[in-house]
Structure formats: C-alpha cells, structure tokens
C-alpha cells in the first residue's frame, strides 16, 4: 500500500458527526452563559466539557492504532490513553443524572397554567441539550473504539468491550453521583477511592450500579442502531461503485 493509498482513520460519516457535535458543543457553551449566567449552567458546561474529553482520547487511540507503530513506549502511551478514556467516559452518561436539577425550577402557576419565565425554560432547555450532546459525544467515542477493536479482534471482542465499559461506567456513575468523586480521583488517589467504594458497597448500591450500567449500554445500543446502519449502507454503495468501475 502506497502513501497515497493509506486507509482513512475515520469514515466520512464519522468525521461529519464529530464536526457536528463539536459545533453543537461550542454553540451551547457560547450562548447559554450569555442568556443565563448561573452556577447551574456553568456546572452543566463543565460536565459537557468532561464528556467531550473521551472523544478526544478515542480519536487519538484510533489514530495511533492506524499508525501500526510498535515498541514499549508506543504501548505505554496507548495504555495511558486507554486509562484516560475509561476514567472520563462515565462523564457522558453522568449528564443523564443532571436531570435531577430540573427540580430547581417551578413551572406551575396558580390557575393550572405553566410559567412564562424565560429563566425557568432556559434551565430545562439547557439541561436537555447538555444531556443529548454529552451522550452523543460519549457514544461516538465508544463507537470509534468498538469498531477499531472489532476490526482487529472480531465482533465479539468489540461487543465485549462495550459490555465491560457499561459495567465499569455503572460503578463510575455511582462513585460520581452518589459518592461525589471526580474522574481524576481514580487517577491520583485510586486506593482511597476503592477503599471507600467497597466500604459503602451494599445490595442497594449494586442494584443501582446495574441499573446505571443497563442505561449506559442501552444508550449506546440505540446510538449504534441509528448510526451504524447509515455507515454500512454508505460503505456498501462505495463498494458497489468500485466494483462497477472495475
């Protein structure tokens, strides 16, 4: 294979989705604080930024895997990127739990009508937009790694990655939302985090983590069904076109 025939790291469909999500993230980050500058909105923007980091780490991993480099340093850097991706990935489904902040707003007014307060409606719109964009960012990052592993190891390895990530994300969501740990805590104080995690482990905690894991896996499977079909259709059209030319 010549230099001009190197395979593309991402398909055109994947690149378009990455660009669209990046633009949506920037628009959301730029406009909402101008409309309503509150701690809640700033917190949502921070959570959205954290949810975008896994996509960066996944893109770097896919790019490095396509480079076919070898050596201990290469494997070490890949390991660091995998650790960073896994540590920050739960921030995407974590945004779903931010729906609890809707309780801060009151939409009912006397007489059975809803409020016309711009501030309250901006609050719910911002929460919903952050959830949608953040979850799409996380799902795309998992999709890139899923496809990369599936191409190298087979589809069962790819889906095994997704299932394992969902289980770990359930634990990560519990640590973040219930225990109030941050993503970087697992990197700089892992022993203290794990000690506290196992100290608080109970049947209720396990059931909650399983529920959050199922939510994460279900969210990704829905994304996969909606996103993978157009990619396969486009690849089939391109392949048929190439065959006709030959």
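Numbering (the numbering used here), first residue to last: 3 to 248.
In this text, a Cβ means the ideal position worked out from N, Cα and C, and glycines have one as well.
Problem set entry | DSSP state of residue 280 mapped onto helix, strand, coil | Coverage of the chain is limited to positions 3 through 248, which leaves residue 280 absent and any answer about it impossible.
Exercise. Taking the C-alpha atoms as reference points, what is the distance between residue 53 and residue 97?
Worked result: One C-alpha to the other measures close to 8 Å.
For this session: Identify which residue in 80, 217 and 21 has its Cα closest to the Cα of residue 147.
Result: If we check each option's Cα against that of residue 147, 80 comes out closest.
Exercise. For residue 181, which option in 87, 128 and 196 has the closest C-alpha, if you only look at C-alpha atoms?
Worked result: Ranked by Cα distance from residue 181, the options 87, 128 and 196 are led by 196.
For this session: Pick helix, strand or coil for residue 40, following the three-state DSSP scheme.
Result: The answer is coil: DSSP assigns residue 40 none of H, G, I, E or B.
Exercise. How big is the Cα-Cα spacing for residue 132 and residue 50?
Worked result: If I take the Cα positions, the gap works out to 6 Å.
Exercise. Residues in its own chain within less than 6 Å of residue 170 by CB, not counting five upstream and five downstream?
Worked result: Answer for residue 170: no residue qualifies.
Exercise. Where does residue 45 fall in DSSP's three states?
Worked result: Note: residue 45 maps to helix in three-state DSSP.
For this session: Return yes when the Cβ of residue 64 is within less than 8 Å of the Cβ of residue 204, no when it is not.
Result: No; because the gap between Cβ atoms is not below 8 Å, this pair is not in contact.
For this session: Counting only the same chain and skipping the five closest in sequence on each side, list residues whose C-beta sits under 7 Å from that of residue 60.
Result: Leaving aside the five residues that flank residue 60 on each side, the residues in its chain whose CB is nearer than 7 Å to its CB run, in chain order, 87, 143, 146 and 147.
Exercise. When we look at the beta-carbon of residue 156 and count the other beta-carbons within 10 Å, is it buried (16 or more) or exposed?
Worked result: When all chains shown are included, residue 156 counts as exposed.
Exercise. When the Cα atoms are used, what is the spatial distance from residue 187 to residue 116?
Worked result: Rounded to whole angstroms, the gap between the alpha carbons of residue 187 and residue 116 is 42 Å.
For this session: Report the residue from 223, 194 and 179 whose alpha carbon sits nearest the alpha carbon of residue 102.
Result: For the residues 223, 194 and 179, the minimum Cα distance to residue 102 belongs to 179.
Exercise. Quick one: is residue 91 buried, meaning 16 or more other Cβ sit within 10 Å of its Cβ, or exposed?
Worked result: Note on residue 91: 16 or more other CB atoms within 10 angstroms of its CB, so buried under the neighbour-count rule.
For this session: Go ahead and label residue 119 buried or exposed: buried means 16 or more other beta carbons lie within 10 angstroms of its beta carbon, across all protein chains shown.
Result: Looking at its Cβ environment, which holds fewer than 16 other Cβ atoms inside 10 Å, residue 119 is exposed.
Problem set entry | Contact set for residue 163: own chain, Cβ-Cβ below 7 Å, skip 5 residues either direction | These residues qualify, in order along the chain: 147, 148 and 151.
For this session: In the DSSP assignment, find the alpha helix (DSSP H) that holds residue 203 and state where it starts and stops.
Result: Where residue 203 is concerned, there is no enclosing alpha helix (DSSP H), given that its DSSP letter is neither H nor E.
Exercise. Smallest Cα separation from residue 208: which of 165, 172 and 66?
Worked result: Comparing Cα positions, the closest option is 172.
Exercise. Where residue 124 and residue 28 are concerned, what is the direct C-alpha to C-alpha distance, given to the nearest angstrom?
Worked result: Each residue's alpha carbon lies about 17 Å from the other.
For this session: Specify the secondary structure class of residue 81 as computed by DSSP and reduced to three states.
Result: Note: residue 81 maps to helix in three-state DSSP.
For this session: Excluding the 5 residues preceding and the 5 following residue 210 in the sequence, name in chain order all residues of the same chain whose CB lies nearer than 7 Å to its CB.
Result: If we look at residue 210 and ignore the five residues flanking it on each side, its Cβ neighbours are 176.
Exercise. Would you report the Cα separation of residue 212 and residue 219, rounded to the nearest angstrom?
Worked result: So the two alpha carbons sit approximately 10 Å from each other.
For this session: Report buried or exposed for residue 190, applying the criterion of at least 16 other Cβ atoms within 10 angstroms of its Cβ.
Result: Residue 190 counts as exposed, since fewer than 16 other beta carbons sit within 10 angstroms of its beta carbon.
For this session: For residue 138, I'd like the list of residues in its chain whose CB is within less than 6 Å of its CB, leaving aside the five on either flank, ordered along the chain.
Result: Cβ neighbours of residue 138 beyond the five flanking positions: 23.
Exercise. Residue 199 to residue 154, Cα distance in whole Å?
Worked result: A direct Cα-to-Cα measurement between residue 199 and residue 154 gives close to 35 Å.
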